[in-house]
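If you're matching positions, the sequence shown starts at 1 in full-length UniProt numbering and goes up one per residue.
Even glycine gets a Cβ: it sits at the ideal position worked out from N, Cα and C.
Predicted, not measured: the structure shown is a model, and the values here were computed from it.
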Amino acid sequence: MVMTGGADVGGPALEDATKEECLQRLQNRIEVPYDSQNREHQEALKALWHASFPGTELLGLVSDQWKEMGWQGKDPSTDFRGGGFISLENLLYFAKNYPKSFEELLCKQNGDRALWEYPFAVAGVNITFMLIQMLDLQAAKPRSLIGAVFLNLLIENDRAFDILYCITFKLMDRKWLEMHATYMDFNTVIKSTRRQLERELLLEDIQQIEDMPSYNFLAR
1 MVMTGGADVG GPALEDATKE ECLQRLQNRI EVPYDSQNRE HQEALKALWH
51 ASFPGTELLG LVSDQWKEMG WQGKDPSTDF RGGGFISLEN LLYFAKNYPK
101 SFEELLCKQN GDRALWEYPF AVAGVNITFM LIQMLDLQAA KPRSLIGAVF
151 LNLLIENDRA FDILYCITFK LMDRKWLEMH ATYMDFNTVI KSTRRQLERE
201 LLLEDIQQIE DMPSYNFLAR
(Lines of atoms letter the chains of each structure in order from A; the text may use other names.)
(Lines give C-alpha, C1' and ligand atoms only; values in the text may rest on other atoms or scores of the structure.)
Protein backbone atom coordinates (compact mmCIF):
# COMPACT_ATOMS: atom_id res chain seq x y z
CA MET A 1 0.00 0.00 0.00
CA VAL A 2 1.35 3.42 -0.93
CA MET A 3 0.79 6.01 1.79
CA THR A 4 0.08 9.58 0.73
CA GLY A 5 0.01 12.91 2.53
CA GLY A 6 2.53 11.79 5.17
CA ALA A 7 1.67 14.63 7.58
CA ASP A 8 -0.09 12.28 9.99
CA VAL A 9 2.45 9.47 9.82
CA GLY A 10 3.69 8.77 13.32
CA GLY A 11 1.54 11.56 14.76
CA PRO A 12 0.60 9.95 18.09
CA ALA A 13 4.07 8.48 18.46
CA LEU A 14 5.64 11.88 17.83
CA GLU A 15 3.32 13.46 20.40
CA ASP A 16 4.26 10.80 22.95
CA ALA A 17 7.94 11.47 22.27
CA THR A 18 7.40 15.20 22.81
CA LYS A 19 5.61 14.53 26.11
CA GLU A 20 8.42 12.25 27.19
CA GLU A 21 11.05 14.88 26.38
CA CYS A 22 9.15 17.64 28.23
CA LEU A 23 8.68 15.45 31.29
CA GLN A 24 12.32 14.34 31.22
CA ARG A 25 13.56 17.94 31.13
CA LEU A 26 11.46 18.78 34.18
CA GLN A 27 12.51 15.60 35.96
CA ASN A 28 16.15 16.46 35.30
CA ARG A 29 15.59 19.74 37.15
CA ILE A 30 13.79 18.00 40.01
CA GLU A 31 16.65 15.54 40.51
CA VAL A 32 19.27 18.25 41.13
CA PRO A 33 19.97 18.62 44.87
CA TYR A 34 20.96 22.01 46.22
CA ASP A 35 24.76 22.11 46.51
CA SER A 36 26.13 24.89 48.70
CA GLN A 37 29.54 24.45 47.01
CA ASN A 38 28.16 24.84 43.48
CA ARG A 39 28.91 28.30 42.06
CA GLU A 40 25.70 28.38 40.00
CA HIS A 41 23.64 27.55 43.08
CA GLN A 42 25.45 30.17 45.15
CA GLU A 43 24.77 32.83 42.50
CA ALA A 44 21.09 31.85 42.31
CA LEU A 45 20.79 32.21 46.09
CA LYS A 46 22.43 35.65 45.95
CA ALA A 47 20.07 36.62 43.12
CA LEU A 48 17.11 35.61 45.28
CA TRP A 49 18.34 37.86 48.09
CA HIS A 50 18.80 40.85 45.79
CA ALA A 51 15.37 40.30 44.21
CA SER A 52 13.83 40.09 47.68
CA PHE A 53 15.67 42.96 49.36
CA PRO A 54 17.02 45.27 46.65
CA GLY A 55 19.47 47.77 48.04
CA THR A 56 20.22 45.70 51.16
CA GLU A 57 23.72 44.25 51.18
CA LEU A 58 23.96 40.51 51.78
CA LEU A 59 26.65 39.80 54.36
CA GLY A 60 27.13 36.17 53.37
CA LEU A 61 25.56 32.95 52.14
CA VAL A 62 25.49 31.95 55.80
CA SER A 63 24.06 34.86 57.77
CA ASP A 64 21.31 35.69 60.24
CA GLN A 65 19.89 37.95 57.51
CA TRP A 66 18.31 34.94 55.82
CA LYS A 67 15.87 34.56 58.71
CA GLU A 68 14.20 37.76 57.46
CA MET A 69 13.09 35.82 54.39
CA GLY A 70 11.70 32.96 56.42
CA TRP A 71 14.52 30.42 56.40
CA GLN A 72 14.77 28.39 59.58
CA GLY A 73 18.35 29.35 60.34
CA LYS A 74 21.29 31.32 59.06
CA ASP A 75 22.11 28.77 56.32
CA PRO A 76 19.33 28.38 53.70
CA SER A 77 21.05 25.33 52.19
CA THR A 78 19.77 23.19 55.08
CA ASP A 79 16.17 24.00 54.11
CA PHE A 80 16.52 22.97 50.47
CA ARG A 81 16.79 19.25 51.22
CA GLY A 82 13.06 18.69 50.74
CA GLY A 83 12.79 20.54 47.45
CA GLY A 84 16.23 20.54 45.85
CA PHE A 85 17.64 23.24 43.58
CA ILE A 86 14.35 23.56 41.69
CA SER A 87 12.74 25.01 44.82
CA LEU A 88 15.27 27.86 44.68
CA GLU A 89 14.61 28.24 40.94
CA ASN A 90 10.88 28.44 41.68
CA LEU A 91 11.34 31.21 44.25
CA LEU A 92 13.62 33.13 41.90
CA TYR A 93 11.18 32.75 39.00
CA PHE A 94 8.39 34.08 41.22
CA ALA A 95 10.49 37.07 42.31
CA LYS A 96 11.49 37.98 38.75
CA ASN A 97 8.22 37.38 36.91
CA TYR A 98 5.57 38.38 39.47
CA PRO A 99 7.49 40.83 41.68
CA LYS A 100 4.38 42.56 43.02
CA SER A 101 2.80 39.33 44.26
CA PHE A 102 6.18 38.07 45.48
CA GLU A 103 6.70 41.18 47.61
CA GLU A 104 3.14 41.05 48.96
CA LEU A 105 3.70 37.49 50.19
CA LEU A 106 7.26 38.03 51.41
CA CYS A 107 6.27 41.09 53.44
CA LYS A 108 2.80 39.74 54.36
CA GLN A 109 1.23 42.95 53.08
CA ASN A 110 -2.34 41.77 52.54
CA GLY A 111 -5.08 40.87 54.99
CA ASP A 112 -5.34 40.40 58.73
CA ARG A 113 -2.17 38.47 59.49
CA ALA A 114 -1.66 35.99 62.31
CA LEU A 115 0.75 36.66 65.16
CA TRP A 116 2.52 33.40 64.25
CA GLU A 117 2.80 33.51 60.45
CA TYR A 118 4.14 30.86 58.08
CA PRO A 119 7.85 31.37 57.23
CA PHE A 120 7.86 32.58 53.62
CA ALA A 121 10.92 30.79 52.22
CA VAL A 122 10.32 27.46 53.96
CA ALA A 123 6.70 27.58 52.77
CA GLY A 124 8.04 28.02 49.24
CA VAL A 125 10.17 24.88 49.49
CA ASN A 126 7.17 22.97 50.84
CA ILE A 127 5.05 24.14 47.90
CA THR A 128 7.61 22.82 45.41
CA PHE A 129 7.61 19.45 47.19
CA MET A 130 3.80 19.34 47.30
CA LEU A 131 3.48 20.05 43.57
CA ILE A 132 5.99 17.34 42.67
CA GLN A 133 3.92 14.86 44.70
CA MET A 134 0.54 16.09 43.42
CA LEU A 135 1.60 15.85 39.77
CA ASP A 136 3.47 12.56 40.29
CA LEU A 137 6.46 14.04 38.50
CA GLN A 138 8.98 11.45 39.61
CA ALA A 139 7.16 8.65 37.77
CA ALA A 140 8.32 7.62 34.28
CA LYS A 141 4.84 8.44 32.97
CA PRO A 142 1.86 10.16 34.62
CA ARG A 143 -0.12 7.66 36.70
CA SER A 144 -2.98 10.02 37.46
CA LEU A 145 -5.38 12.18 35.48
CA ILE A 146 -3.94 15.31 37.12
CA GLY A 147 -0.45 14.31 36.02
CA ALA A 148 -1.59 13.66 32.45
CA VAL A 149 -3.42 16.99 32.27
CA PHE A 150 -0.39 18.86 33.56
CA LEU A 151 1.89 17.18 31.03
CA ASN A 152 -0.28 18.57 28.22
CA LEU A 153 0.11 22.04 29.75
CA LEU A 154 3.87 21.52 30.01
CA ILE A 155 4.03 20.84 26.27
CA GLU A 156 2.31 24.19 25.65
CA ASN A 157 4.72 26.03 27.95
CA ASP A 158 7.95 24.57 29.32
CA ARG A 159 7.67 27.00 32.25
CA ALA A 160 4.27 25.63 33.26
CA PHE A 161 5.65 24.17 36.50
CA ASP A 162 7.22 27.47 37.54
CA ILE A 163 4.01 29.36 36.75
CA LEU A 164 1.92 26.79 38.62
CA TYR A 165 4.26 27.29 41.57
CA CYS A 166 3.53 31.03 41.57
CA ILE A 167 -0.21 30.37 41.29
CA THR A 168 0.00 27.92 44.19
CA PHE A 169 1.92 30.26 46.48
CA LYS A 170 -0.55 33.09 45.93
CA LEU A 171 -3.53 30.75 46.31
CA MET A 172 -2.06 29.28 49.50
CA ASP A 173 -1.73 32.76 51.01
CA ARG A 174 -5.35 33.57 50.14
CA LYS A 175 -6.47 30.31 51.78
CA TRP A 176 -4.35 31.18 54.80
CA LEU A 177 -6.18 34.46 55.23
CA GLU A 178 -9.62 32.96 54.53
CA MET A 179 -9.06 30.28 57.16
CA HIS A 180 -7.56 32.73 59.71
CA ALA A 181 -4.72 30.25 59.94
CA THR A 182 -1.68 30.30 62.19
CA TYR A 183 1.61 28.42 61.91
CA MET A 184 0.20 25.15 63.26
CA ASP A 185 -2.47 25.15 60.52
CA PHE A 186 0.03 25.18 57.64
CA ASN A 187 -0.49 21.55 56.58
CA THR A 188 -4.27 22.00 56.61
CA VAL A 189 -3.94 25.08 54.39
CA ILE A 190 -1.63 23.24 51.98
CA LYS A 191 -4.13 20.37 51.68
CA SER A 192 -6.96 22.81 50.96
CA THR A 193 -4.78 24.55 48.37
CA ARG A 194 -3.98 21.25 46.70
CA ARG A 195 -7.66 20.31 46.43
CA GLN A 196 -8.47 23.59 44.71
CA LEU A 197 -5.55 23.22 42.29
CA GLU A 198 -6.75 19.74 41.35
CA ARG A 199 -10.27 21.04 40.72
CA GLU A 200 -9.00 23.87 38.53
CA LEU A 201 -6.65 21.68 36.51
CA LEU A 202 -9.56 19.38 35.64
CA LEU A 203 -11.79 22.18 34.31
CA GLU A 204 -12.72 21.57 30.68
CA ASP A 205 -11.53 24.91 29.31
CA ILE A 206 -7.96 24.76 30.64
CA GLN A 207 -5.80 24.79 27.51
CA GLN A 208 -2.77 26.49 29.05
CA ILE A 209 -1.58 27.06 32.59
CA GLU A 210 -2.65 30.72 32.47
CA ASP A 211 -6.28 29.61 31.98
CA MET A 212 -6.49 28.45 35.60
CA PRO A 213 -8.88 30.78 37.48
CA SER A 214 -6.36 31.31 40.29
CA TYR A 215 -3.80 32.65 37.80
CA ASN A 216 -5.77 35.90 37.93
CA PHE A 217 -4.66 36.41 41.54
CA LEU A 218 -1.07 37.01 40.40
CA ALA A 219 0.20 40.53 39.78
CA ARG A 220 3.39 41.60 38.07
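Status (buried if at least 16 other CB within 10 Å, exposed otherwise) for residue i
i	result
Ala-160	buried
Pro-213	exposed
Backbone secondary structure at residue i - three-state DSSP
i	result
Lys-141	coil
Leu-131	helix
Phe-217	helix
Thr-182	coil
Phe-150	helix
Leu-92	helix
Cys-166	helix
Trp-116	coil
Pro-33	coil
residue 278	Nothing can be reported for residue 278, as the shown portion of the chain is limited to 1 through 220.
Trp-66	helix
Leu-201	helix
Lys-46	helix
Close beta carbons around residue i, own chain, < 6 Å, minus the five adjacent residues each side
i	result
Glu-198	Ile-146
Asn-110	Glu-104
Phe-186	Tyr-118
Residue nearest to residue i in terms of C-alpha spacing, selected from the options
i	options	result
Cys-166	Leu-26, Leu-105, Asp-75	Leu-105
Asp-211	Met-179, Asp-185, Asn-38, Glu-156	Glu-156
Thr-188	Leu-26, Asp-173, Leu-23	Asp-173
Ser-101	Leu-26, Ile-163, Leu-45	Ile-163
Met-179	Ala-114, Leu-201, Cys-107	Ala-114
Arg-29	Met-69, Asn-90, Ala-13, Ser-63	Asn-90
Leu-202	Gln-133, Ala-13, Leu-45, Asn-152	Asn-152
Residues near residue i by beta carbon distance below 7 Å, same chain, minus five either side
i	result
Leu-59	Gln-65
Tyr-34	His-41, Ser-77, Phe-80, Gly-84, Phe-85, Leu-88
Own chain, CB closer than 8 Å to residue i, minus 5 neighbours either side, in chain order
i	result
Gln-42	Ser-36, Leu-61
Ser-192	Lys-175, Met-179
Ala-51	Leu-92, Ala-95, Lys-96, Pro-99, Phe-102
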